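The structure appears below as structure tokens.
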Amino acid sequence: MTGTDLDEAAPTGAEAAAAEAFSAAEQPGGLKAALEAVLMVVENPVTEQELAQALAVGVEEVQAMLVNLQQEYDGYTGKGPKSADDPQPRGFELRNVGGGWRIYSRSWFAPVVSAFVLGGQSSRLSQAALETLAVIAYRQPVSRARVSAIRAVNVDSVVRTLTQRALIAAVGTDPETGAVLYGTTPHFLERLGLGSVAELPRLSPHLPGLENLGDYEDTTY
Amino acid sequence: MTGTDLDEAAPTGAEAAAAEAFSAAEQPGGLKAALEAVLMVVENPVTEQELAQALAVGVEEVQAMLVNLQQEYDGYTGKGPKSADDPQPRGFELRNVGGGWRIYSRSWFAPVVSAFVLGGQSSRLSQAALETLAVIAYRQPVSRARVSAIRAVNVDSVVRTLTQRALIAAVGTDPETGAVLYGTTPHFLERLGLGSVAELPRLSPHLPGLENLGDYEDTTY
Amino acid sequence: MGSTAEGVHPPPLTAGTPENLPAAGKAVFEVRLTNFSGPFDLLLGLISKRELDITEIALAEVTDEFISHIRRMQAEHGSWALDEASEFLVVAATLLDLKAARLLPRGEVEDAEDIALLEARDLLFARLLQYRAFKEISRQLAERFEVEGDRYPRDTPLEPAFTALLPDLIWTTTAEDLAALAAAALQPRETVPEGVRVDHLHGSAVSIREQAGLLEAHLRNAGSLSFGELTADAAETLVVVVRFLALLEMFRDGVVSFDQDEPLGELRIRWSGGDEPFPADSIGADYGADFGAGYGPESVGPGTVDLTLQ
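Encoded structure:
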């Protein structure tokens, strides 16, 4: 509240205050820096809509700035082809995965960074867990029984592990049987570096001769 | 593993690999980018000594690079007095707090950042948060993995919320796994109007209360 | 197997895949068998060990090995969880059929058993290929996890300045509320059911023997009934189907006779078996004792449907 005529309009909260009296664009660095500032505090991939709201600008503008930042971090100036004069890539990158934008350390510095990250990335998934995850990813929403049938083994404990790791989650129940249906989470996509489930590698090349098994394949991948 | 004569020395872990065969200086962006990578993702400020060790360079060199990065983020090139051609300051800044370095959002964007942070906050705890809080209260000290196992969902973000709300806090680490153990805080007791954890209502005796929850061992990862 | 393989011995992706198992050194192979997560995994392992493509021939060829492996596993692990064992047995039974069919001279596909065998083979084949597809994809996922694991997200605690801004919590929870929540959360969850899981079936299992007994009683009482009357109390289609099959069985054994005055006319069933009770138990020799409902992919669950029936 920098002394305006709004004194009697009691601000309803910090948001109102920010919107009324603070102009990010007027600060040093401008909107792009403001965007960076917000990206510094996100805990999960953040959508363009959320960012646009926080900055009180349009989604298109945010999109343009995000791409701009991404290129900047990658050491690409956008001024013609890449040259030796271009700045070096930064030690971090901005990525659009798991349904939103987030800052990550560069993969090639993993040997250095891993020492500083508590616990590092969680331990590897077992073969059973990976197979179960694959079935769920491509058949979602899907019941445990269905996954069991495809893998020909009981998957209860694996499903529990995958749930605890937030790679899958219960997404509904089968209207007929009442069985819990599972699907993958945004965290799953983030961990795989994917924007959406549609970006998963195609399953069909791995299914030779099964194209016509209509009653077998109830989803087309 | 950038092709050295160490092929037969099987690395025992990421750290060993880093120490033996990895040279951050040879990666795109070099040592400075490696430094950025670490500073960008560390949870807590890191000391110059830790950074020097991880990068296998001297403390002086790290200090010089830190100051350099700091100025770069501030939009100061170090080439003479500040001019209009200087790059804009970034939305983040490198701060040396209590002997350690970390990257923070730039202070003058606080109104935008707090609007964003508060936008996602509710003034009520979710059901998931309350359940997790209950489990932690009765099982403390307890690891996130253990709580996850009991609740059969991932609790990472909920634990973060509860920590931000100062209802729980890290109270130690598991001597075996190194996992952070959580317990409730005095603030939690205050909220409930209790003098101590011992005053929490007893769970019915047939429950596998606080003693032997063998079923929920979080061993299978 | 099962939870053991998943939990206690998480096989590293590279070492545990059957493709990478050493072909020589049988002892090593046997030890690693515990890493196979299921019959398909084992089957694929055996096929790739012999450097065969997945074909009907390959399946028939590895039958003996498959069976001897599950015998050995059984010996090593003592008793199995029923649903795990049954999957292996279903696969083993189909493989045996396959092998037997190959040993016999090629002839016309005539009777229902031949057709059933063909269907069982195709089903096994399709399931195996499907499993292999997911297995291959899971390998790609593992690689992606590996590569992406080198990127660490910025996930830093909120700066205290911002934490201080959080709106005050509206707190209405009492200690008793909390205790109730804890009690609910700490309640042991339903454990994995023992025995064969049938929850993947759409309907219930219906016993053909039981239905035969019922029909016998009705017919003995009434002498002659229409099929409609015999199935009037059937709660679901499956029961109707099973009663029909039971009638066919009883007809074969000469204890009932059918009367139908005109084509598509009403079918009347008469008891013609005399006073001796009908030995319903004999039906089990040809059919499984129970019918599972549903013939979609969902029904191909662990050991619930007798594949020779399909």
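Residue numbers (the numbering used here), protein chains in the order written: chain A, 4 to 224; chain B, 4 to 224; chain C, 748 to 1057.
The beta carbon of each residue, even a glycine, is placed where N, CA and C say it ideally should be.
Remember, predicted model here, so these are calculated numbers, not experimental data.
Nearest-angstrom beta carbon gap, Leu192 of chain A and Val100 of chain A [assumed within contact, 8 Å]: Translated into positions along the first sequence, residue 100 of chain A becomes position 97. Translated into positions along the first sequence, residue 192 of chain A becomes position 189. Approximately 6 Å separates the beta-carbon atoms of Val100 of chain A and Leu192 of chain A; this is inside 8 Å, confirming the contact.
Using a Cβ-Cβ cut-off of 6 Å (strictly less than) and excluding sequence neighbours within five positions of Ala28 of chain B, which residues of its own chain qualify?
On the second sequence, position 25 is the one that residue 28 of chain B refers to. Excluding sequence neighbours, Ala28 of chain B sits near Leu34.
message = For Ile139 of chain B, report the span of its alpha helix (DSSP H) as first-last.
response = Looking up residue 139 of chain B in the second sequence gives position 136. Per DSSP, Ile139 of chain B belongs to the alpha helix (DSSP H) from 130 to 142.
Note to self: Please report the straight-line C-alpha distance between Asp788 of chain C and Ala993 of chain C, rounded to a whole angstrom.
What the structure shows: Here residue 788 of chain C is taken as the residue at index 41 of the third sequence, counted from 1. Here residue 993 of chain C is taken as the residue at index 246 of the third sequence, counted from 1. Going by C-alpha positions, Asp788 of chain C is about 38 Å away from Ala993 of chain C.
**Q.** Collapsed DSSP secondary structure at Glu71 of chain A in the structure displayed
**A.** As a first step, residue 71 of chain A is located in the first sequence; it is residue number 68 there, counting from the start. According to the sequence displayed, residue 71 of chain A carries Asn and not Glu. Asn71 of chain A falls in the helix class under three-state DSSP.
Self-check item: Cβ-Cβ distance between Arg93 of chain B and Ala57 of chain A below 8 Å
Solution: Position 90 of the second sequence holds residue 93 of chain B. Position 54 of the first sequence holds residue 57 of chain A. Not in contact: Arg93 of chain B and Ala57 of chain A (Cβ atoms no closer than 8 Å).
*asked:* Per the DSSP calculation, Asn99 of chain A is bridged to which residue(s)?
replied: By one-based count along the first sequence, residue 99 of chain A stands at place 96. A:Trp104.
Check your understanding: Do you know whose CA, among B:Val145, B:Ile153, B:Gln130, lies nearest Gly186 of chain B's CA?
Key -> Position 183 of the second sequence, counting from 1, holds the residue named residue 186 of chain B. For Gly186 of chain B, the nearest C-alpha among the options comes from B:Val145.
query = Is the beta carbon of Asp159 of chain B sitting closer than 8 Å to the one on Ala173 of chain A?
reply = To locate residue 159 of chain B, count along the second sequence from 1; it is residue 156. To locate residue 173 of chain A, count along the first sequence from 1; it is residue 170. The answer is no: Cβ separation not under 8 Å.
* Of the residues A:Phe25, A:Asn47, A:Pro31, A:Ala40, which one's Cα is nearest the Cα of Tyr1059 of chain C? -> With chain C covering only 748 through 1057, there is no way to say anything about residue 1059 of chain C.
In this structure, what does DSSP give as the bridge partners for Leu1015 of chain C? As a first step, residue 1015 of chain C must be located in the third sequence, where it is residue number 268. Contrary to the premise, residue 1015 of chain C reads as Arg rather than Leu in this sequence. Answer is C:Ser973, C:Asp1006.
Span separating the alpha-carbon of Pro204 of chain A from that of Ile884 of chain C = In the first sequence, counting from the first residue as 1, residue 204 of chain A sits at position 201. In the third sequence, counting from the first residue as 1, residue 884 of chain C sits at position 137. Rounded to the nearest angstrom, the two C-alpha atoms are 8 Å apart.
Express the C-alpha separation of Met820 of chain C and Lys773 of chain C in angstroms, rounding to a whole number. Counted from its first residue, the third sequence places residue 773 of chain C at position 26. Counted from its first residue, the third sequence places residue 820 of chain C at position 73. Its pLDDT being 33, under 50, Lys773 of chain C is placed unreliably in this model, and the coordinates cannot settle the point.
| request: Return the residue from the list C:Glu996, C:Leu1011, C:Pro1010 that minimises the CA-CA distance to Ser1004 of chain C. | output: For the purposes of this step, residue 1004 of chain C is taken as the residue at position 257 of the third sequence. Ranked by Cα distance from Ser1004 of chain C, the first of C:Glu996, C:Leu1011, C:Pro1010 is C:Glu996.
Taking a cut of 8 Å between CB atoms, which residues from the segment 155 to 180 of chain A lie near chain B? Interface annotation for the segment 155 to 180 of chain A against chain B: Ser160, Arg163, Thr164, Thr166, Gln167, Arg168, Ala169, Ala172, criterion Cβ-Cβ distance under 8 Å.
(Q) What ranges does the alpha helix (DSSP H) occupy inside the segment 859 to 939 of chain C, keeping only unbroken runs of at least 4 residues that lie completely in it? (A) Fully enclosed alpha helix (DSSP H) runs of 4 or longer: 859 to 895, 907 to 910, 922 to 933.
Is the shortest distance between the beta-carbon of Pro90 of chain A and the beta-carbons of chain E less than 8 Å?
This model lacks chain E altogether, as its protein chains are A, B and C.
- Reduced DSSP category for Thr180 of chain B - H, G, I as helix; E, B as strand; rest coil: In the second sequence, residue 180 of chain B corresponds to position 177, counting from 1. Per DSSP, reduced to three states, the secondary structure at Thr180 of chain B is coil, with no helix or strand assignment.
At the 8 Å Cβ level, is Met43 of chain B part of the contact set with chain A, yes or no? Sequence index remark: in the second sequence, residue 43 of chain B carries index 40 (1-based). Yes, its Cβ sits closer than 8 Å to a Cβ of chain A.
### Query
Are the CB atoms of Leu842 of chain C and Phe872 of chain C nearer to each other than 8 Å?
To locate residue 842 of chain C, count along the third sequence from 1; it is residue 95. To locate residue 872 of chain C, count along the third sequence from 1; it is residue 125. Against a cut-off of 8 Å, the Cβ pair of Phe872 of chain C and Leu842 of chain C comes out as no contact.
Note to self: Applying the 10 Å Cβ sphere with the 16-neighbour rule, what's the burial state of Trp104 of chain B?
What the structure shows: Taking the second sequence and counting its residues from 1, one reaches residue 104 of chain B at position 101. Counting every other CB atom within 10 Å of its CB across the protein chains shown gives Trp104 of chain B a total of 16 or more, marking it as buried.
* Exposed unless 16 or more other CB atoms sit within 10 angstroms - verdict on His816 of chain C -> Translated into positions along the third sequence, residue 816 of chain C becomes position 69. His816 of chain C comes out buried.
Return yes when the Cβ of Leu121 of chain B is within less than 8 Å of the Cβ of Leu912 of chain C, no when it is not.
By 1-based counting over the third sequence, the position of residue 912 of chain C is 165. By 1-based counting over the second sequence, the position of residue 121 of chain B is 118. Cβ distance < 8 Å, so Leu912 of chain C and Leu121 of chain B count as in contact.
### Query
Any residues in the segment 39 to 70 of chain B with a beta carbon nearer than 9 Å to a beta carbon of chain C? Which ones, in chain order?
Residues of the segment 39 to 70 of chain B with a C-beta less than 9 Å from any C-beta of chain C: Ala40, Met43, Val44, Val45, Glu46, Asn47, listed in chain order.
| field | Whole-number beta carbon distance between Leu791 of chain C and Arg879 of chain C, since they are thought to touch under 8 Å | value | In the third sequence, residue 879 of chain C corresponds to position 132, counting from 1. In the third sequence, residue 791 of chain C corresponds to position 44, counting from 1. Sure, about 6 Å apart at Cβ, within 8 Å.
_If we require 4 or more residues per run, which alpha helix (DSSP H) segments fall completely within the segment 780 to 823 of chain C?_
786 to 796, 803 to 808, all fully within the segment 780 to 823 of chain C.
Point to revise | Ala982 of chain C, buried or exposed, once every other Cβ within 10 Å from all chains shown has been counted against 16 | key: Stepping through the third sequence from its first residue, residue 982 of chain C is reached at position 235. Exposed is the call here.
Reduced DSSP category for Tyr185 of chain B - H, G, I as helix; E, B as strand; rest coil = By one-based count along the second sequence, residue 185 of chain B stands at place 182. It is a strand residue.
Taking all protein chains shown into account, decide if Thr921 of chain C is buried (16 or more other Cβ within 10 angstroms of its Cβ) or exposed.
-> As a first step, residue 921 of chain C is located in the third sequence; it is residue number 174 there, counting from the start. By the 10 Å Cβ count, Thr921 of chain C comes out exposed.
Exercise for review: Pull up the CB-CB distance for Thr164 of chain B and Ala132 of chain B, whole angstroms please, since I reckon it's below 8 Å.
Suggested key: Within the second sequence, residue 164 of chain B is the residue found at index 161, counting from 1. Within the second sequence, residue 132 of chain B is the residue found at index 129, counting from 1. For a cut-off of 8 Å, the C-beta gap from Thr164 of chain B to Ala132 of chain B is around 6 Å, short enough to register as a contact.
message: Is there a Cβ of chain B sitting closer than 8 Å to that of Leu888 of chain C, yes or no?
response: As a working note, residue 888 of chain C is residue 141 in the third sequence. Leu888 of chain C has a beta carbon lying at 8 Å or more from every beta carbon in chain B.
Determine, for Leu133 of chain B, whether the minimum Cβ-Cβ distance to residues of chain C falls below 8 Å. For the purposes of this step, residue 133 of chain B is taken as the residue at position 130 of the second sequence. True, the Cβ-Cβ gap to chain C drops below 8 Å.
Sort B:Ala148, B:Glu202, B:Pro178, B:Val183 by Cα distance to Ala710 of chain C and report the nearest one. The requested residue 710 of chain C does not occur in the structure, where chain C is confined to residues 748 to 1057.
(Q) Quick check on Ser247 of chain B: does DSSP put it in helix, strand or coil? (A) Examination of residue 247 of chain B is not possible in this model, given that chain B is present from 4 through 224 alone.
- Query: Buried or exposed: Ser117 of chain A, going by 16 or more other Cβ atoms within 10 Å of its Cβ?
  - Reply: Position 114 of the first sequence, counted from the first residue, corresponds to residue 117 of chain A. Ser117 of chain A should be labelled buried.
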